[in-house]
Amino acid sequence: MCGIIGLCFNNTQELGKLLYRGLQKLEYRGYDSVGIAVLNSGRLFIVKGKGMLRDLEEKLKFTKYTGSTGIGHTRWATHGAPSDINAHPHVDCRGLFAIVHNGIIENFDELKEWLSSRGHTFISETDSEVIAHLIEEYYDELRDVYEAFKRAIRSLRGAFAILMITPLEENKVFFAKKDSPLIIGLREDYKVLASDIPAILDHTYSIIVLRDYWIGYVTPSRVYIEDLTSGKLVEYSAYIRLIEWSVEEASKGGYPHFMIKEIYEQPLALKNTITGLRSSRELPLIVKMLVEARRLYVTGSGTSYHAAEFYAIASNTLTGLLAVPFIASEYEVYSNAVREGDVLVAISQSGETMDVLKAVRRFKERGARVIAISNVVESAIPRESHVTLYTRAGPEIGVAATKTFLTQTLLLSWLLVELAEYTGVISSSERSELIKSLEESPRLVEVSLERSEKTARELSEIYAERRSMYYLSRHIGLPIAREGALKIKEIAYIHAEAYPAGESKHGPIALVERAFPVVFIVPRLLWLEHSIKGNIEEMKARGAETLGVVCEEGFVASLLDHTITVPCPHWLLTPISHTPPLQLLAYYTAIRRGLDPDRPRNLAKTVTVE
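Number 217 in our numbering belongs to position 217 of the sequence shown; there are no gaps in the numbering.
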């Protein structure tokens, strides 16, 4: 979604350069236009346009601007097409109030109609522009910038993270937050605000993660926050946190793209997640919640939904406890059946995914208890849940999820092993063996990557010419097939469909012809391999070109045109062993097609709108 940044100094700085660097750190969120607003000696300068940051820098020269206070924005269009006019920042009629906004203003139509009747003229098609005009309208009445800003925010319905600057109060950045993420970075001599941590790390490791309905302003030396719902001052010192990520962790570190860097960071991400699980105080409480649940639901969006589906299949298989997985955007289908005593496991890498957040809120309204699985401490979904388990994947900048999927499935597997022992399904010695296998995950990924790198590069030459593919598996392999298909869709723009292999004869096989690519995920389950063997044969009979990610001990390799062989200590580790080859295949296919895997078109890293 949109990325925003703000900086506030006492004196003139090379502010354009600083805003530009901050916006570079937010490019991963996805965008179609860019803009900045800078205050210098009482004058407001706004530069913006449609396009990529680097291209616009050549054209508009963001970095030449100096000033003491400024805001910047990368826009991902929701209201109004991508264009120079629709790019942020937006201003009021007199050019006194410049705003940037991430989110959606649900009542902008009625606000725009009212403001137009009051004589305001709108330039853009966006919902965001109404914010600047509201501030202008209320300032004319109140003659106080902050009070006008507050009244404007109170008029809004929807999701927002908003920054505003004005030459009327040059050394302040005003802010407000509801649903969309916003963070303050603290320095003694200046302050920085941004949508996400990577944009702050060049300045400070000390942050405040803003809560919903918090509103206020920063000066170079001061932070003022109040709760809009209660009107009370927020003692923010209790909310200051130190970030553990380094600047290097949030940069490419010598790799050509974030995605390939993050693929190869997966062993470390798994190791760190294991360390957290070993010392988790929340784990026993969560196990008890799951055992006592009247009914268990698991949800997520995109890759996190695949982790949810993995959990449901693994739970049904290992513990015999039924879990109902659903895609978060479809929460309305399930929420009416929710009763007190039910439990929802809500999975979100960012902890800010709006569909998941909406599901959490609706399920809580119905009496359910909520367990959050997230990678970002103090993010919205963990804050609104009853208890949270954190993955420790570190920053994931590439839009296509990689290491967060593996850490999610590792965490969920660990949870299921503890649950299985607690319920007496497995013995303590069996639990120890399974935990030992999970602790070997980092090395398992290393071996999987080593064995698949060359084949993935070679096959990318073939797949780069294809327009459609199937990814097939059964049982525990199905979520991994879905994840593989999603990756090649996201970054290589190849239509890929994943479905249970047994469904081929019920329609999809009609599309299969000579050289049609079909990727099989074959987990370590003998009965499952026998079933998939028949599916391979029926695809081969129609001329399909087959690739299998198979186990060392498997017997179907000879039937396939291409194979990637991975170690398979236990079926529960199928995501750990079988996913990395699919990630590499998608990455190298995208590169072969001349695409940027870090910035797929039309996508954003964190989806903070419905």
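Where is the CB? At the ideal position from N, CA and C, for every residue including glycine. Quick caveat, the model's predicted, so the values are computed rather than measured.
Going residue by residue through the stretch 480-530, where are the continuous beta strand (DSSP E) segments of at least 3 residues, counting only ones entirely within it?
You should have 495-500 and 517-521.
What does the Cβ neighbour count give for A515, buried or exposed, with the cut at 16 atoms within 10 Å?
Sequence index remark: in the sequence shown, residue 515 carries index 515 (1-based). Exposed, since its Cβ has fewer than 16 Cβ neighbours within 10 Å.
Quick one: grab the DSSP three-state call for I263.
Position 263 of the sequence shown, counting from 1, holds the residue named residue 263. Here I263 sits in helix by DSSP.
Quickly, what does DSSP pair Y470 with across the bridge? List them, please.
Taking the first residue of the sequence shown as 1, we reach residue 470 at position 470. Answer is E497 and V518, bridged to Y470.
What's the gap between the Cα of I371 and the Cα of L344?
Locating residue 371 in the sequence shown gives position 371, where the first residue counts as 1. Locating residue 344 in the sequence shown gives position 344, where the first residue counts as 1. Answer to the nearest angstrom: the Cα atoms are 6 angstroms apart.
Note down the Cα distance separating G67 from L168, rounded to an integer number of angstroms.
Residue mapping note: residue 67 aligns to position 67 of the sequence shown, counting from 1. Residue mapping note: residue 168 aligns to position 168 of the sequence shown, counting from 1. Each residue's Cα considered, the two are about 15 angstroms apart.
Using three-state DSSP, classify F97 as helix, strand or coil.
For the purposes of this step, residue 97 is taken as residue 97 along the sequence shown, with counting starting at 1. Of the three classes helix, strand and coil, the one that applies to F97 here is coil, per DSSP.
Contact criterion: CB-CB distance below 8 angstroms. Does Y588 meet it with respect to chain C?
Reference to chain C is not applicable here, since this structure consists of a single protein chain.
Looking at the secondary structure, which residues open and close the alpha helix (DSSP H) in which H306 lies?
Here residue 306 is taken as the residue at index 306 of the sequence shown, counted from 1. Element bounds for H306: T303 to L318.
Report the option in I373, V387 and E330 whose CA atom is closest to the CA atom of A359.
Counted from its first residue, the sequence shown places residue 359 at position 359. Checked all of I373, V387 and E330; the closest Cα to A359 is E330.
Can you tell me which of L7, Y31 and E14 puts its alpha carbon nearest to the alpha carbon of D598?
Sequence index remark: in the sequence shown, residue 598 carries index 598 (1-based). Per the Cα distances, Y31.
Is the Cβ-Cβ distance between Y65 and Y146 less than 8 angstroms?
Numbered from its first residue, the sequence shown carries residue 65 at position 65. Numbered from its first residue, the sequence shown carries residue 146 at position 146. Not closer than 8 angstroms, so no.
P220 to M469, Cα distance in whole Å?
On the sequence shown, residue 220 is found 220 positions in, with the first residue counted as 1. On the sequence shown, residue 469 is found 469 positions in, with the first residue counted as 1. About 54 angstroms.
In chain order, what residues of the same chain lie with their CB nearer than 7 angstroms to the CB of G42, ignoring the 5 residues before and after it?
Here residue 42 corresponds to residue number 42 of the sequence shown, with the count starting at 1. Excluding sequence neighbours, G42 sits near P167 and E170.
Among all the DSSP beta bridges, which residues are the ones paired with N375?
Taking the sequence shown and counting its residues from 1, the one referred to as residue 375 is at position 375. BP columns for N375 are empty, so no partner.
Between which two residues does the beta strand (DSSP E) carrying G158 extend?
The residue labelled residue 158 in the question sits at position 158 within the sequence shown. G158 to I165 is the span of the beta strand (DSSP E), which, as asked, contains G158.
According to DSSP, F74 sits in a beta bridge with which residue or residues?
Start at 1 with the first residue of the sequence shown, and residue 74 comes out as number 74. The question names Phe, yet the displayed sequence has Thr at residue 74. In DSSP, T74 forms a bridge with G3 and V34.
Looking at the unbroken alpha helix (DSSP H) that takes in F326, where does it start and where does it end?
For the purposes of this step, residue 326 is taken as residue 326 along the sequence shown, with counting starting at 1. Segment A323 to I327 is the beta strand (DSSP E) holding F326; no alpha helix (DSSP H) there.
With distance defined between alpha-carbon atoms, name the residue in S385, A400, G507 and P500 nearest to L528.
Walking along the sequence shown from the start, residue 528 turns up at place 528. With distances taken between Cα atoms, L528 lies closest to P500.
Excluding five sequence neighbours on each side, which residues of the same chain lie with their C-beta closer than 6 angstroms to the C-beta of R392?
To locate residue 392, count along the sequence shown from 1; it is residue 392. Answer for R392: N272, T273 and G276, listed in chain order.
Assuming G35 and A87 make a contact with CB atoms under 8 angstroms, what is their CB distance in whole Å?
Position 35 of the sequence shown, counted from the start, is the residue given in the question as residue 35. Position 87 of the sequence shown, counted from the start, is the residue given in the question as residue 87. Confirmed, about 5 angstroms.
Of the residues E265, V287, A346 and P256, which one's Cα is nearest the Cα of G300?
The residue given as residue 300 occupies position 300 in the sequence shown. For the residues E265, V287, A346 and P256, the minimum Cα distance to G300 belongs to A346.
Is the separation between the beta-carbon of A612 and that of A498 shorter than 8 angstroms?
Look at the range of the chain in this structure, 1 to 610, and you will see that residue 612 is not part of it.
Residue range of the alpha helix (DSSP H) that T121 falls in?
Against the sequence shown, residue 121 aligns to sequence position 121. Segment: none, T121 is in no alpha helix (DSSP H) and carries neither H nor E.
Pull up the DSSP beta-bridge partners for K614, would you.
With the chain represented from 1 up to 610, any question about residue 614 goes unanswered, as that position is not in the structure.
Out of curiosity, what's the CA-to-CA distance linking F555 and S577?
The residue labelled residue 555 in the question sits at position 555 within the sequence shown. The residue labelled residue 577 in the question sits at position 577 within the sequence shown. Looking at the two C-alpha atoms, the distance is approximately 17 angstroms.
Count Cβ pairs between the stretch 12-31 and the stretch 231-238 that sit closer than 8 angstroms; are there 3 or more?
Not touching, per the Cβ criterion.
From the DSSP secondary-structure annotation, give me the bridge partner or partners of R241.
Walking along the sequence shown from the start, residue 241 turns up at place 241. Answer is I207, bridged to R241.
Could you tell me the boundaries of the beta strand (DSSP E) in which L26 lies?
Position 26 of the sequence shown, counted from the start, is the residue given in the question as residue 26. L26 -> no beta strand (DSSP E), and no H or E assigned at all.
Would you say the stretch 440-448 touches the stretch 471-478, given that touching needs at least three Cβ pairs under 8 angstroms?
The stretch 440-448 vs the stretch 471-478: no contact.
Would you list the residues sitting across from I105 in a DSSP beta bridge?
Here the question's residue 105 lines up with position 105 in the sequence shown. Per DSSP, G158.
Measure the beta-carbon distance from P600 to T409 and round it to whole angstroms, keeping in mind my assumption that it falls under 8 angstroms.
Against the sequence shown, residue 600 aligns to sequence position 600. Against the sequence shown, residue 409 aligns to sequence position 409. 22 angstroms between Cβ atoms; not a contact.
Buried or exposed, going by whether 16 or more other CB atoms sit within 10 Å of the CB of K59?
Position 59 of the sequence shown, counting from 1, holds the residue named residue 59. The residue is exposed, with fewer than 16 neighbouring Cβ atoms inside 10 Å.
Specify the secondary structure class of V447 as computed by DSSP and reduced to three states.
Here residue 447 corresponds to residue number 447 of the sequence shown, with the count starting at 1. V447: helix per DSSP, three-state reduction.
Which first and last residues belong to the alpha helix (DSSP H) in which S692 is found?
The displayed coordinates of the chain run from 1 to 610. Any statement about residue 692 would go beyond what the structure contains.
Name the one or two DSSP bridge partners that H562 has.
Taking the sequence shown and counting its residues from 1, one reaches residue 562 at position 562. H562 is bridged to L547.
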